[in-house]
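S.K.:
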Amino acid sequence: AQRVTQPEKLLSVFKGAPVELKCNYSYSGSPELFWYVQYSRQRLQLLLRHISRESIKGFTADLNKGETSFHLKKPFAQEEDSAMYYCALSGHNQGGKLIFGQGTELSVKP
Amino acid sequence: DAMVIQNPRYQVTQFGKPVTLSCSQTLNHNVMYWYQQKSSQAPKLLFHYYDKDFNNEADTPDNFQSRRPNTSFCFLDIRSPGLGDAAMYLCATSSPGSSTEAFFGQGTRLTVV
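Protein chains in written order, with the working numbering: chain R, 7 to 116; chain V, 38 to 150.
Structure below.
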C-alpha cells in the first residue's frame, strides 16, 4: 500500500532548538518525496524535494531508502518556522499527484 | 501575483443542493488537480485533468464530478452534498517534465447545512 506517515501531530520547540519532523513512507517503486508547508492563512507550498538535495530556509531532508524515511531537519528553529508541515510522495514525474501524510504542526516558542 | 485562484474562499450549501467550486490558473500548466482535506486529515486526491483527459481516483464517490472547459479553468461539482462532504477543497496545478512541484490555491472551505 502507498502511504505516508507522520507520527507527530504537534511538535513544540523553543527558538534556537533543533527540529526534526519525522516522515516514513511505503511505496512500491521509486517515489519522489517532498515537504510542503502551510503558514497561517497561506496556501500550501513546496518547501523542498528530495531530488534537489537543497537547503531551504535552513531546512534539509535526506531520503533514506533503507529506512523508507524522509525526515525534515533544521538545526536552529525560528519563530517564523511555525506552520503546518506535510510530507508527501508521488510517482516518477507525477509531481502533482501526491499522497500526503497527515501533517505535523510545528510550534516554535520564543 | 496569485497563480492558482479558487473561488469562493468559503461556501455554504444546503444538504443535497448541488454546488460548484471553481479554480483558475495563470501558469498555463497542463495538469490540474482537486484534493479534499477533511479536518485534521491529509489532503486526498479526488481526480485530475491532464489537458482534457480526466483521471478519476478509484475511491472518489460518484457524487463528485469535474469539468475543465479550457486550460485555465477547472470546476468541482458536488451533485448532492452530504454532511460528510464538508471539507477544505484544494486545487493544484503542475507541469510534468519541467518541474515536479505542485502549485496550490488557497482552498475553498465548504460547509454543508
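Every residue, glycine too, gets a C-beta built ideally from N, C-alpha and C.
Following the continuous beta strand (DSSP E) through HIS56/R, name the residue where it begins and the one where it ends.
M.R.: Residue numbering aside, residue 56/R sits at position 50 when the first sequence is read from its first letter. Where HIS56/R is concerned, there is no enclosing beta strand (DSSP E), given that its DSSP letter is neither H nor E.
S.K.: Which residue comes first and which comes last in the beta strand (DSSP E) that contains ILE42/V?
M.R.: Numbered from its first residue, the second sequence carries residue 42/V at position 5. Looking at the DSSP string, the run of the beta strand (DSSP E) that includes ILE42/V is 41 to 44.
S.K.: Would you mind telling me which residues of chain R sit closer than 8 Å to THR50/V, beta carbon to beta carbon, in chain order?
M.R.: Locating residue 50/V in the second sequence gives position 13, where the first residue counts as 1. Residues of chain R passing the Cβ test: none, with the nearest at roughly 23 Å.
S.K.: By DSSP, does GLU85/R sit in helix, in strand, or in coil?
M.R.: Looking up residue 85/R in the first sequence gives position 79. Helix, per DSSP.
S.K.: Suppose you measure from the CA of SER103/V to the CA of SER76/V; what does that come to, to the nearest Å?
M.R.: The residue you call residue 103/V lines up with position 66 of the second sequence. The residue you call residue 76/V lines up with position 39 of the second sequence. Distance between the alpha carbons of SER103/V and SER76/V: 22 Å.
S.K.: Determine the extent of the beta strand (DSSP E) in which GLU111/R is found, giving its start and end residues.
M.R.: Numbered from its first residue, the first sequence carries residue 111/R at position 105. Counting along the chain, the beta strand (DSSP E) containing GLU111/R begins and ends at 110 to 115.
S.K.: According to DSSP, is LEU64/V part of a helix, a strand, or is it coil?
M.R.: Translated into the one-based positions of the second sequence, residue 64/V becomes position 27. Here LEU64/V sits in coil by DSSP.
S.K.: Which residues in the same chain as THR110/R place their Cβ atom closer than 6 Å to its Cβ, once the five residues preceding and following it in sequence are excluded?
M.R.: One-based indexing of the first sequence puts residue 110/R at position 104. Once the five neighbours on either side are set aside, the close Cβ partners of THR110/R are GLN12, GLU14, LEU17, LEU27 and TYR91.
S.K.: Against chain V, with Cβ distances strictly below 8 Å, would GLN84/R count as a contact?
M.R.: Numbered from its first residue, the first sequence carries residue 84/R at position 78. No, GLN84/R lies away from the interface with chain V (no Cβ there is under 8 Å from its Cβ).
S.K.: Residues of chain V with a CB under 9 Å from the CB of LEU104/R: which are they?
M.R.: If you number the first sequence from 1, residue 104/R lands on position 98. Within chain V, the residues near LEU104/R are TYR70, TYR72, PRO80, LEU82, ALA129 and ALA139.
S.K.: Nearest CA to the CA of GLY53/V: which residue from GLY121/V, TRP71/V and SER117/V?
M.R.: Locating residue 53/V in the second sequence gives position 16, where the first residue counts as 1. Here the closest residue by C-alpha is SER117/V.
S.K.: Is there a C-beta anywhere in chain R that falls below 8 Å from the one on GLN62/V?
M.R.: If you number the second sequence from 1, residue 62/V lands on position 25. Not one chain R Cβ lies under 8 Å of GLN62/V.
S.K.: Quick check on this structure: which residue in LEU58/V, ASP88/V, LEU83/V and TYR87/V has the alpha carbon closest to the alpha carbon of ASP96/V?
M.R.: Within the second sequence, residue 96/V is the residue found at index 59, counting from 1. The residue with the shortest Cα to Cα distance from ASP96/V is LEU83/V.
S.K.: Assuming THR148/V and ALA123/V are in contact, meaning their beta carbons sit under 8 Å apart, how far apart are those beta carbons, in whole angstroms?
M.R.: Position 111 of the second sequence holds residue 148/V. Position 86 of the second sequence holds residue 123/V. 6 Å between Cβ atoms; contact.
S.K.: Between the region 64 to 71 of chain R and the region 45 to 60 of chain V, do three or more beta carbon pairs fall short of 8 Å?
M.R.: Result no; under three Cβ-Cβ pairs closer than 8 Å.
S.K.: My output table needs one value for PHE114/V: the three-state DSSP class, helix, strand or coil.
M.R.: In the second sequence, residue 114/V corresponds to position 77, counting from 1. According to the sequence as given, residue 114/V is Asp; it is not Phe. Residue state, collapsed to three classes: strand.
S.K.: For chain V, check one thing: does any of its Cβ atoms lie closer than 8 Å to the Cβ of GLN51/R?
M.R.: Working through the first sequence from its first residue, we reach residue 51/R at position 45. Closer than 8 Å: yes.
S.K.: Could you tell me which of ARG55/R, LEU50/R, PHE65/R and GLN48/R sits nearest to GLY97/R, measuring between CA atoms?
M.R.: One-based indexing of the first sequence puts residue 97/R at position 91. Of the candidates ARG55/R, LEU50/R, PHE65/R and GLN48/R, the one whose C-alpha sits nearest the C-alpha of GLY97/R is ARG55/R.
S.K.: If I'm right that VAL41/V touches THR130/V with Cβ under 8 Å, what's the distance once you round it to whole angstroms?
M.R.: Within the second sequence, the letter at position 4 stands for residue 41/V. Within the second sequence, the letter at position 93 stands for residue 130/V. With 8 Å as the limit, VAL41/V and THR130/V qualify as a contact, their Cβ atoms being about 6 Å apart.
S.K.: So with Cβ pairs under 8 Å, would you call GLN217/V a contact of chain R?
M.R.: No answer is possible for residue 217/V: it lies beyond the span of chain V, which begins at 38 and ends at 150.
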